[in-house]
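Here's the structure, in structure tokens; my notes come after.
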Amino acid sequence: MSLTDHHPSPIARQRAAYRKRQTVRSVLVAAASTGVLGTLLVLAVTGSPGWVRVRESFLDPRIARAALPEILTGLWLNVRLLFFCALGALALGLVVALLRTLRGPVFFPVRALAAGYTYTFRGLPLIIVIYVLTLGVPGLRLRGMPSVLVLGGTALVLTYAGYLAEVFRAGIESIHPSQLAAARSLGLTYRQTMRHVVLPQAVRRVAPPLLNDVVALQKDVGLVSLAGPIDAVRAAQIATAETFNFTPYIVAGVLFVLLAVPLIAVTDWVTLRAARRQAAR
Amino acid sequence: MTPPVLRCRGLRKVFGGHVVLDDLDLDVTEHEVVALIGASGSGKSTLLRCVNLLEEIDDGTIELDGEHITDPRTDPDLVRRRIGIVFQAYNLFPHLRVLDNVTLAPVRVHRRDRAEAEAQARELLARVGLAEKAADYPDRLSGGQQQRVAIVRALVNSPRLLLLDEVTSALDPELVGEVLAMIRDLKADGMTMVLATHEMGFAREVADRVCFLDGGRVIEEGPPEQVLGEPTQPRTRQFLRRIIEAGRLQVG
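Protein chains in written order, with the numbering used here: chain A, 1 to 281; chain B, 1001 to 1252.
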């Protein structure tokens, strides 16, 4: 019997009708409760004694418009820094994770070095790394010293690679040993096994936590402004100092959220697509 | 005289104070099918894993075509290219399509042309009735289909010796037959095989020789009619009685 010429029995039709009524009811209940809660929140905030003052100093559209170009210029720096630092940190993190998973006594120093790296840079506050690289390293007066921006970016890469390495390592170690046995039994070398069997599965598995760290990095790239370059938050700070109004911070905050949305959406989509392709029937 | 395909002498393997293989000897000649039987924990799987160098032995020697493969100077990757193994849980690569599972080793290990490797893989898949599954991911296949893909994946390297580690133990009873049929065909093609199995009826039918393992040793071996029909060792008799009681072997 094909799928199309099946006629549901009365009892199945009753069940379907009941489920439909329940669905409509849940949507109505959700809409009503959201409306009530939203109204209450708006009333509580706008009805508060200090609301007028807060609105003036945090939500002034005139000041927002005036500060926007400067903040956008700063945000462009964030975006560029994020792009290069994320690539750098992902690459370095992956290398460190791979070094940590090497077996055999020959690799002990490499393993120890990689482990020491993740311990150090996960423990060290980012601000200190930035200060050391942007203020300390130029003091060496070496020739061909890169710009403060590059040094600050390096500090970000070094710190975030420490976190990402541990995420990658967790992914690599979560792949069942039977997968390694199967790959090695076919004659694949350790490197080929990693490259073609372990890493593709591991990276897919840890994509959400990796993205989590990239979003966190997006917020931290602005810290290079400690060394001079003006990012979005610093631009907002300057605008605030000029007007004695905090609206520019809100503008910068909204822009950061907007920046994170596509990043999160893309990863969710990639992860979902891979899972569906593999498992769905 | 040509040496046997596989020769094991005095194999010993210890896992955390527990002796799994104890002074085990085993020879397998060309085109021979040897069935390893014995209770769980008798060392069948460990023996196969040691032969494929997935486990390091603690004592003894393993020779493949007269070459000492347990010599620490041999490259295990080169040895494994000449031995195929199929696991109880299939161990297919879930992120690769069926066809890519099969062609991974030919393309990456044997550096063969991808188009040529794919053509051969498709032909092998077609021969076991899986031609239309080539583009599917393993999780979409039944257990029997997955295990047949795993066997194809091991065969595509043209191994000298094929090891089968309880390849039907994870399958639903109605799917066992399709995998056993495939092994039957391999025997007809002259493949040299060592299989660990709980399928006594199948061992009797397909094996040239049955080895009964107990406590990490081969304590009885011979033609299937003799070992399964008229065992001489009390341990073998005891084991077979339990199997018959469980309904896994017809008497006579």
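The beta-carbon is built from N, C-alpha and C at its ideal position, and this holds for glycine as well. All of these numbers come straight from a predicted model, not from anything done at the bench.
Please list the terminal residues of the continuous alpha helix (DSSP H) segment that includes residue i.
i: aspartate 1075 (chain B); result: No alpha helix (DSSP H) holds aspartate 1075 (chain B); DSSP gives it neither H nor E.
i: valine 1149 (chain B); result: 1143-1155
i: alanine 239 (chain A); result: 232-243
i: proline 209 (chain A); result: 207-220
i: glutamate 1174 (chain B); result: 1173-1188
Helix, strand or coil for residue i per DSSP?
i: threonine 1061 (chain B); result: strand
i: leucine 1124 (chain B); result: helix
i: histidine 196 (chain A); result: helix
i: arginine 80 (chain A); result: helix
i: phenylalanine 1015 (chain B); result: strand
i: glutamate 1055 (chain B); result: coil
i: arginine 1009 (chain B); result: strand
i: glutamate 1067 (chain B); result: strand
i: arginine 281 (chain A); result: Interpretation of arginine 281 (chain A) is limited by its pLDDT of 44, a score under 50 that renders its predicted location unreliable; the figure taken from the coordinates is listed afterwards. The answer is coil: DSSP assigns arginine 281 (chain A) none of H, G, I, E or B.
i: valine 1109 (chain B); result: coil
i: glycine 1084 (chain B); result: strand
i: valine 995 (chain B); result: Since the first and last residues shown for chain B are 1001 and 1252, residue 995 (chain B) lies out of range.
i: glycine 1252 (chain B); result: Note that glycine 1252 (chain B) scores a pLDDT of 48, beneath 50, so its modelled location is shaky and nothing firm can be said.
i: leucine 1026 (chain B); result: strand
i: tyrosine 1090 (chain B); result: coil
i: alanine 1170 (chain B); result: coil
i: leucine 259 (chain A); result: helix
i: glycine 253 (chain A); result: helix
i: alanine 89 (chain A); result: helix
i: leucine 272 (chain A); result: helix
i: glycine 74 (chain A); result: helix
i: serine 1158 (chain B); result: coil
For chain A, find out if any of its Cβ atoms is closer than 8 Å to the Cβ of residue i; answer yes or no.
i: leucine 1006 (chain B); result: no
i: aspartate 1058 (chain B); result: no
i: arginine 1148 (chain B); result: no
i: aspartate 1022 (chain B); result: no
i: leucine 1104 (chain B); result: yes
i: proline 1094 (chain B); result: yes
i: leucine 1195 (chain B); result: no
i: leucine 1054 (chain B); result: yes
i: valine 1098 (chain B); result: no
i: valine 1051 (chain B); result: no
i: valine 1109 (chain B); result: yes
Against chain B, does residue i count as a neighbour if the rule is that its beta carbon must be under 8 Å from one of theirs?
i: valine 197 (chain A); result: yes
i: alanine 265 (chain A); result: no
i: alanine 44 (chain A); result: no
i: arginine 184 (chain A); result: yes
i: leucine 98 (chain A); result: no
i: serine 174 (chain A); result: no
i: proline 105 (chain A); result: no
i: proline 200 (chain A); result: yes
i: threonine 189 (chain A); result: yes
i: glutamine 218 (chain A); result: no
i: arginine 143 (chain A); result: no
i: serine 26 (chain A); result: no
i: alanine 207 (chain A); result: no
Apply the 10 Å Cβ neighbour rule to residue i and answer buried if 16 or more other Cβ atoms are within range, or exposed otherwise.
i: arginine 281 (chain A); result: Residue confidence for arginine 281 (chain A) is low, a pLDDT of 44 falling below 50, so the modelled location carries little weight; the figure read from the coordinates is stated next. Exposed: under 16 other Cβ atoms inside 10 Å.
i: isoleucine 1085 (chain B); result: buried
i: glycine 1247 (chain B); result: exposed
i: valine 1227 (chain B); result: buried
i: glycine 1010 (chain B); result: exposed
i: methionine 1200 (chain B); result: buried
i: methionine 145 (chain A); result: exposed
i: aspartate 213 (chain A); result: buried
i: asparagine 23 (chain A); result: For the record, residue 23 (chain A) in the displayed sequence is threonine; it is not asparagine. Exposed is the call here.
i: leucine 1155 (chain B); result: buried
i: glycine 1252 (chain B); result: The predicted position of glycine 1252 (chain B) is uncertain, since its pLDDT is 48 and thus under 50; a value taken from the coordinates is nonetheless stated next. By the 10 Å Cβ count, glycine 1252 (chain B) comes out exposed.
i: glutamine 201 (chain A); result: buried
i: serine 1045 (chain B); result: buried
i: arginine 13 (chain A); result: exposed
i: arginine 1049 (chain B); result: buried
i: isoleucine 130 (chain A); result: buried
i: arginine 1153 (chain B); result: buried
i: proline 1224 (chain B); result: buried
i: glutamate 166 (chain A); result: buried
For residue i, report the span of its beta strand (DSSP E) as first-last.
i: leucine 1036 (chain B); result: 1033-1037
i: aspartate 1165 (chain B); result: 1161-1165
*In chain order, which beta strand (DSSP E) runs of at least 3 residues are fully inside the region 1192-1250 of chain B?*
1193-1196, 1209-1214 and 1217-1222
*In chain order, each beta strand (DSSP E) run of at least 3 residues that lies wholly inside the region 28-63 of chain A*: none
*Completely contained alpha helix (DSSP H) runs for the region 105-188 of chain A, where each covers 4 or more residues*: 108-123, 126-131, 148-173 and 177-185
*Taking any Cβ of chain C, which residues in the region 1078-1089 of chain B have a Cβ under 7 Å from it, in chain order?*
Among the chains of the structure shown, chain C does not appear; the protein chains present are A and B.
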